[in-house]
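J.: Protein chains in written order, with numbering that gives the first Met the number 0: chain Y, 0 to 436; chain L, 0 to 436; chain W, 0 to 436. All residues carry an ideal CB built from backbone N, CA and C; glycine is no exception. Keep in mind it's a predicted model, so treat the numbers as computed, not measured.
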Amino acid sequence: MELTIHSLATGVDTVWVLLCAALVFFMEGGFAALEAGFIRSKNSLNIIMKVLMDCTVGMLGYFAFGFAIMYGLDKAGLIGVSGFFLKGDLSHLGLRIPVYAYWLFQAAFAIAMATIVTGAVAERMKFAPYIIFSFVATVIIYPIAGHWVWSSEGWLNKLGMLDFAGSAVVHSMGGWASLAAVWVLGPRTGKYTKSGGVNVLPGHNLPLAALGAFVLWFGWFGFNPGSTLSGLDMNIARIAVNTNLSAAAAGTTAALYTVYRFGKADPSMTINGALGGLVAITAGCAYVEPISAIIIGALAGILVVFAVPFIDGIRADDPVGAIAVHGVCGTFGTVAVGVFAENGGLLYGGGAALLGIQVLGVLAVSLWAFASTYGIFSLLKALVGIRVSVEDEIEGLDVSEHGMSAYNDMEDNPLKTLSHTPSSDLVFQSSRSADSE
Amino acid sequence: MELTIHSLATGVDTVWVLLCAALVFFMEGGFAALEAGFIRSKNSLNIIMKVLMDCTVGMLGYFAFGFAIMYGLDKAGLIGVSGFFLKGDLSHLGLRIPVYAYWLFQAAFAIAMATIVTGAVAERMKFAPYIIFSFVATVIIYPIAGHWVWSSEGWLNKLGMLDFAGSAVVHSMGGWASLAAVWVLGPRTGKYTKSGGVNVLPGHNLPLAALGAFVLWFGWFGFNPGSTLSGLDMNIARIAVNTNLSAAAAGTTAALYTVYRFGKADPSMTINGALGGLVAITAGCAYVEPISAIIIGALAGILVVFAVPFIDGIRADDPVGAIAVHGVCGTFGTVAVGVFAENGGLLYGGGAALLGIQVLGVLAVSLWAFASTYGIFSLLKALVGIRVSVEDEIEGLDVSEHGMSAYNDMEDNPLKTLSHTPSSDLVFQSSRSADSE
Amino acid sequence: MELTIHSLATGVDTVWVLLCAALVFFMEGGFAALEAGFIRSKNSLNIIMKVLMDCTVGMLGYFAFGFAIMYGLDKAGLIGVSGFFLKGDLSHLGLRIPVYAYWLFQAAFAIAMATIVTGAVAERMKFAPYIIFSFVATVIIYPIAGHWVWSSEGWLNKLGMLDFAGSAVVHSMGGWASLAAVWVLGPRTGKYTKSGGVNVLPGHNLPLAALGAFVLWFGWFGFNPGSTLSGLDMNIARIAVNTNLSAAAAGTTAALYTVYRFGKADPSMTINGALGGLVAITAGCAYVEPISAIIIGALAGILVVFAVPFIDGIRADDPVGAIAVHGVCGTFGTVAVGVFAENGGLLYGGGAALLGIQVLGVLAVSLWAFASTYGIFSLLKALVGIRVSVEDEIEGLDVSEHGMSAYNDMEDNPLKTLSHTPSSDLVFQSSRSADSE
């Protein structure tokens, strides 16, 4: 390639977007660890498999159809209709980077929206219908609302809605889709008592969950700054700082508020609080000052602590807090842009116009996500069933759906397991081990 | 440094290669987690230590000798003979980036080839001879075949063999070296019964293994696109997409095929299937269309499900599936370039010439890896012994080779452990803890 | 933005620094995993929460005050006094990149220094006073000494002290602050016996610790090369190689030396040895030849094996080896610059001048870290108490400080937990689960 100032610019932007896409993809590993750690061990392999299905089936769906519906040539501001399998003319996107780089970055976002739902439906949803949902989510649910907001011809985009990296498009959608899913699916057996009590079913491996949260925070350094699609847009630095400060403020307020309310700093709430701060700043990270990012994060951290028990109270059984973190904080963060945006925000003399558009926009995409998920879950329930039997639920989905356990061992004495086989029948590798001194 | 368009180009390429090298290095952590999770807890620390030895002893070996043998001035197309300790004239490499950046990227590849073997020999190979093997692998085995394919004067390179990022050089080599190693080493005690049965010895921590697989997938975004050695080569975007789509397709077919064959989606097979898709596309990622990457991946996912029991059937006891994932899919992926390459592939009117060269090339490097590993393992067996005693194997290699267990705890009541010490003898930190409220 | 050769250069540098900052931030996840794995399970959640407090409270402190004290306009070579909340004129920094990018990179360093201390005070320090310490560390302790060395007007900088990426500023400080902290805090109950014995309290999850070490090594590819603040400085390649080779040599010598001394390769020592190699090369990575990096690392690996029991011997109870890894190797690495620096080192004909300055510099910052930490810990001990009660320590800090356990499960039969609730009172989701086949 001939070296010119323009080819260099394309190179810098492509390197930036590809590395950010890798970071966003790695968030799937973070989700898998977070969610597996927050639930009981007997279902942890099943949730990891569901996340893997987003990365595999969902990714293929977004390649074949989803991307075209989201970013293809527009019909009526509602849907895209070209670019299936990345074929055909995509010049309307006006990209400086290769369309492949753009697709990869977008694909990692699409599967993130689906993955949010895996956490909410954990511990009782069948595996096969989840695969179908994952496909529908990345092919229809996410791309259609994504088109509204992020396609240049989408109706919400044209209204002026600001959702820089997806507080609404990815997180509100994922969160409210989760609410629909758990309402159709029903709570876990034993979660709620007839007398109105709520049983706590604690996560089995909180260090694993925390490690997942660190991976997610790390990945967010690709998620938000990468959404510039250019490493030459110097706003990437402020976006990264805003992202980080919002998470820091949210983790701080969540921890301190749980001390105030419960007397002790709650690890689950602190982790989910920090994640809530990341979710909330995702819409506004490119539009607000760092001090606003701190305020948005601080409020998100407290919101999570309120929202988790509230959602439990409306009998929406969400084992990992996905609705509180992604739905509540995603919606809040989208609306907050209308208040804090330097250009058009209420506090910056912009009046209520932007605020109104933000409220309208997040309501529209959230309702779409809720309604479409409610529909597909109801349909799947009627056609193939979405819930494992009570017996399978008690046994755990790892064994019932996948035939194995997440954790196995021969314990202290391996002969305990070997003793199932008559010992005379074993091939002891005596000749081979004779080479040991 | 003076700013010119050329110094900028060098800068972009160096940033790209260094960050990709870091991603490839991180794959060692992925291998460690994957392999430790797939085996029994009593041997999990030992396998992590072996991976660490690749990162330490193997890395030093590749610095001192391996790189020179692989990329030094050529002798007869067979071996490099200059550049030991990165000293001397390396201008024949024609690099735009600093040779240090090039070395780091290559070194992360070299140790990956050795690390593949750690998984296959898990749970019964002694630690000390493994260190020797790791050194020999990074100093002789890998660099020699690497020279054939990737040095501009190597005989397979001159024939026109295409192995963009190492389906043959890294993965086939690692996989078939593994087969030689386990044949010399023998199966684990209790794995096979005299009556022909095969005992399943399940992995102890599948969430850890899955997290390792996500790290590997993440690292592959450096492994394949980074092999351009330039961030200004716009093919990096398609390479990343092909890598991702192949893994997605492979995970999909592995999961669905296990549903078809066993009635349930198998987590181990799905994880190994996705990894098989990554391995298979590694040779062709720069040469094929995305749709071909999907086909290659889809076939690799099914291949893994066939290959794992087949390899068990020939009594090659490979606890983590390294031979199936790296040997079988690496060989398949190398050959597939001869079919799917846009330039020279059978399906693109290129005839059988490239296909023949690919078959010849992958056979050559695989045979070399198999034979040289068989030799060094036989030699080590005769000289120092390679296998722990049956007693040590039953106790576990963590204790017998390293004197400690991977998992320890004082259980619910820590006084159980403390009770080994007469309590009057304990220094209760009463004065110091008096500051507690 | 208009495309010029200068805007491109700024773009490359900003992309580089932001991605390196993300890598350095991810090290917090590495620290959390490493430390949690190296201690007992009953305190593992508490240590993760403390690391999270560095990422949240500490990060906010460095934003509001710490950065200004470190990099604001100089007073007397001792302290910075402008730039609070990143406001005001920061042009004296002479940055090509946005100040936001610079801040993010520096912030990730600041919290690393605090996080080192979390490991040393593990298993007995209260949560609330740790938060206060984390704030003080990132606002006062770290920034003041950081100003001395890294601000252009700092007195140690003006003397010519060389500490490229912080063997002294981050690691020595963190290590010797740890020593002060554990001396004020006292050892864990049951660690030392009246008769002079030392009880080993083994870590509960060494695979988790090892995974943390891999994350740290990975993050160091941002920590050291990123400290150029420019992707166009071609020294980044050698810095990355030196970093890697030092770690490789250190892991090698630590493993081999434990074989020599104890008869078996010790996993904890090998992991800490490799980390010690990373710490030791951090000061000199930009100034020494690769062969010197190997020597520095090789010595650091052995130093760790000597230092860990020595520190135990002086009754400084450091559960994770933070003082040995960060204090001892950080000090050694800073001094080693005076010996190995190509420009001014003793072995390169530079005489003893640089060596003297390095000794003086590392003594100054280490003493400052020790004294200020001793002061704040003593004050906290007097005012609010820093140590949990013996009862809480025996129960574990996860329950006593946070009200939950790191690991929970309903074991094999989930009804064991459910049986706490009268079964007639449970809402079995019979209607909802009726859709199961």
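1) According to DSSP, simplified to helix, strand and coil, what is L/MET48?
2) What residues match up with L/MET58 in a beta bridge as DSSP calls it?
3) Look up L/MET124 in the DSSP assignment and say whether it is helix, strand or coil.
4) Determine the extent of the alpha helix (DSSP H) in which Y/ILE310 is found, giving its start and end residues.
5) Exposed or buried, which one is W/LEU441 when buried takes at least 16 other CB atoms within 10 Å?
6) Where Y/TRP102 and W/ILE301 are concerned, what is the direct C-alpha to C-alpha distance, given to the nearest angstrom?
7) List, in order along the chain, the chain L residues whose C-beta lies closer than 7 Å to that of W/ILE407?
8) In chain Y, which residues lie less than 9 Å from W/LEU85 when you measure between Cβ atoms?
9) State the Cα-Cα distance for the pair W/TRP15 and L/ALA20, rounded to the nearest angstrom.
10) Can you give me the Cβ contacts of W/GLY57 inside the same chain, cut-off strictly under 6 Å, excluding the 5 residues immediately before and after it?
11) When you compare only the Cα positions, how much space is there between W/GLY275 and Y/GLY326?
12) Pick out whichever of L/ASP88, L/GLY71, L/GLY87, L/LYS86 has its Cα sitting closest to the Cα of L/VAL80.
13) With DSSP as the reference, identify every bridge partner of W/THR242, one or two as the case may be.
14) Are L/ALA209 and L/ALA249 touching if we call contact CB-CB under 8 Å?
15) Between which residues of its own chain and W/VAL307 is the CB-CB distance below 6 Å, once the five residues before and five after are set aside?
16) Could you compute how far the alpha carbon of L/SER365 sits from the alpha carbon of Y/LEU2?
17) Looking at chain L, is there any beta carbon in it that lies within less than 8 Å of the beta carbon of W/PRO206?
18) When the Cα of W/TYR256 is compared with those of W/LEU17, W/GLY272, W/ALA246, W/THR372, which residue comes out closest?
19) By the 10 Å Cβ neighbour count, where 16 or more other Cβ atoms means buried, how is Y/SER194 classified, buried or exposed?
20) Using a cut-off of 8 Å between C-beta atoms, extract the partners of Y/MET233 located in chain W.
21) So, with DSSP's three-state summary, where would you put W/LYS157?
22) Straight-line CA distance for L/LEU18 to L/VAL168?
23) Taking the alpha helix (DSSP H) that Y/TYR101 falls in, what are its first and last residues?
24) Between Y/LYS263 and chain W, is the shortest Cβ-Cβ distance under 8 Å, so that the two count as touching?
25) Assess, as a yes-or-no matter, whether the region 395-404 of chain Y is touched by the region 112-127 of chain Y under the definition of 3 or more beta carbon pairs within less than 8 Å.
26) Name the residues in the region 389-405 of chain L whose C-beta lies less than 7 Å from a C-beta of chain B; which are they?
27) Helix, strand or coil for L/LEU414, going by three-state DSSP, please let me know.
28) Determine whether the Cβ of L/THR251 lies closer than 8 Å to any Cβ atom of chain Y.
29) Do the CB positions of L/THR13 and W/GLY221 come within less than 8 Å of each other?
30) Measure the C-alpha to C-alpha separation of Y/ASP316 and Y/LEU184 and round it to an integer number of angstroms.
31) For L/ASP88, count the other beta carbons within 10 Å of its own beta carbon; 16 or more makes it buried, fewer makes it exposed. Which is it?
32) Which residues of the region 169-202 of chain L have a Cβ closer than 8 Å to any Cβ of chain Y? Give them in chain order.
33) What residues match up with W/VAL197 in a beta bridge as DSSP calls it?
34) Return the CA-CA distance between Y/ILE47 and W/GLU341, expressed in angstroms with no decimal places.
35) Residue ranges of each alpha helix (DSSP H) run of no fewer than 4 residues wholly in the region 340-418 of chain Y, ordered along the chain?
36) At 7 Å on the CB atoms, spell out the chain L contacts of Y/GLU27, in chain order.
T.: Let me lay it out:
1) Along the second sequence, read from residue 1 onward, the residue named residue 48 of chain L stands at position 49. Reduced to three states, the DSSP call for L/MET48 is helix.
2) Indexing the second sequence from 1 puts residue 58 of chain L at position 59. Note: L/MET58 sits in no beta bridge, so no partner.
3) In the second sequence, counting from the first residue as 1, residue 124 of chain L sits at position 125. L/MET124: strand per DSSP, three-state reduction.
4) For this step, residue 310 of chain Y is matched to residue 311 along the first sequence. Per DSSP, Y/ILE310 belongs to the alpha helix (DSSP H) from 289-312.
5) The structure shown has nothing for residue 441 of chain W, since chain W only spans 0 to 436.
6) As a working mapping, residue 102 of chain Y is identified with position 103 in the first sequence. As a working mapping, residue 301 of chain W is identified with position 302 in the third sequence. Rounded to the nearest angstrom, the two C-alpha atoms are 49 Å apart.
7) Here residue 407 of chain W corresponds to residue number 408 of the third sequence, with the count starting at 1. Per the sequence shown, residue 407 of chain W should be read as Asn rather than Ile. The premise fails here: W/ASN407 is roughly 12 Å from chain L at the closest Cβ pair, so nothing lies under 7 Å.
8) Taking the first residue of the third sequence as 1, we reach residue 85 of chain W at position 86. By Cβ distance, chain Y contributes VAL240, PRO289.
9) As a working note, residue 15 of chain W is residue 16 in the third sequence. As a working note, residue 20 of chain L is residue 21 in the second sequence. Each residue's alpha carbon lies about 14 Å from the other.
10) Position 58 of the third sequence, counted from the first residue, corresponds to residue 57 of chain W. Within the same chain, W/GLY57 has close Cβ partners ILE110, ALA113, SER133, THR137.
11) What you label residue 275 of chain W is simply residue 276 of the third sequence in a count that begins at 1. What you label residue 326 of chain Y is simply residue 327 of the first sequence in a count that begins at 1. Straight-line Cα distance between these residues: approximately 44 Å.
12) Here residue 80 of chain L corresponds to residue number 81 of the second sequence, with the count starting at 1. That would be L/GLY71, whose Cα lies nearest to the Cα of L/VAL80.
13) The residue given as residue 242 of chain W occupies position 243 in the third sequence. Partner(s): none; W/THR242 has no beta bridge.
14) Reading the second sequence from its first residue, position 210 is the one you call residue 209 of chain L. Reading the second sequence from its first residue, position 250 is the one you call residue 249 of chain L. In this structure, L/ALA249 does not lie closer than 8 Å to L/ALA209 by Cβ.
15) Counting from 1 along the third sequence, the entry for residue 307 of chain W is found at position 308. Correct list, in chain order: GLY320, ALA323.
16) The residue you call residue 365 of chain L lines up with position 366 of the second sequence. The residue you call residue 2 of chain Y lines up with position 3 of the first sequence. If I take the Cα positions, the gap works out to 39 Å.
17) Numbered from its first residue, the third sequence carries residue 206 of chain W at position 207. Yes, W/PRO206 lies at the interface with chain L (some Cβ there is under 8 Å from its Cβ).
18) For the purposes of this step, residue 256 of chain W is taken as the residue at position 257 of the third sequence. Ranking the options by Cα distance to W/TYR256, first place goes to W/GLY272.
19) Here the question's residue 194 of chain Y lines up with position 195 in the first sequence. It counts as exposed.
20) In the first sequence, residue 233 of chain Y corresponds to position 234, counting from 1. Correct list: MET0, THR9, GLY10, THR13, PRO97.
21) For the purposes of this step, residue 157 of chain W is identified with residue 158 of the third sequence, where counting begins at 1. Here W/LYS157 sits in helix by DSSP.
22) For this step, residue 18 of chain L is matched to residue 19 along the second sequence. For this step, residue 168 of chain L is matched to residue 169 along the second sequence. Taking the straight line from one Cα to the other gives about 22 Å.
23) Against the first sequence, residue 101 of chain Y aligns to sequence position 102. Y/TYR101 -> alpha helix (DSSP H) spans 98-119.
24) Here residue 263 of chain Y is taken as the residue at index 264 of the first sequence, counted from 1. It does: the Cβ of Y/LYS263 has a partner Cβ on chain W nearer than 8 Å.
25) yes
26) Reference to chain B is not applicable here, since the protein chains of this structure are Y, L and W.
27) Position 415 of the second sequence holds residue 414 of chain L. Its pLDDT being 33, under 50, L/LEU414 is placed unreliably in this model, and the coordinates cannot settle the point.
28) Position 252 of the second sequence, counted from the first residue, corresponds to residue 251 of chain L. Judged by the 8 Å Cβ criterion, L/THR251 is in contact with chain Y.
29) Mapped onto the second sequence, residue 13 of chain L falls at position 14. Mapped onto the third sequence, residue 221 of chain W falls at position 222. Not a contact, by the Cβ cut-off of 8 Å.
30) Residue mapping note: residue 316 of chain Y aligns to position 317 of the first sequence, counting from 1. Residue mapping note: residue 184 of chain Y aligns to position 185 of the first sequence, counting from 1. Taking the straight line joining both Cα atoms gives about 9 Å.
31) Position 89 of the second sequence, counting from 1, holds the residue named residue 88 of chain L. By the neighbour-count rule (16 or more Cβ atoms within 10 Å), L/ASP88 is not buried but exposed.
32) LEU184, GLY185, PRO186, ARG187, THR188, GLY189, LYS190, TYR191, THR192, LYS193, SER194, GLY196, ASN198, LEU200, PRO201, GLY202
33) Within the third sequence, the letter at position 198 stands for residue 197 of chain W. Beta-bridge pairing links W/VAL197 to W/TYR191.
34) Start at 1 with the first residue of the first sequence, and residue 47 of chain Y comes out as number 48. Start at 1 with the first residue of the third sequence, and residue 341 of chain W comes out as number 342. Whole-angstrom Cα-Cα distance: 51 Å.
35) 352-382, 389-394, 396-401, 414-417
36) What you label residue 27 of chain Y is simply residue 28 of the first sequence in a count that begins at 1. In chain order: PHE213.
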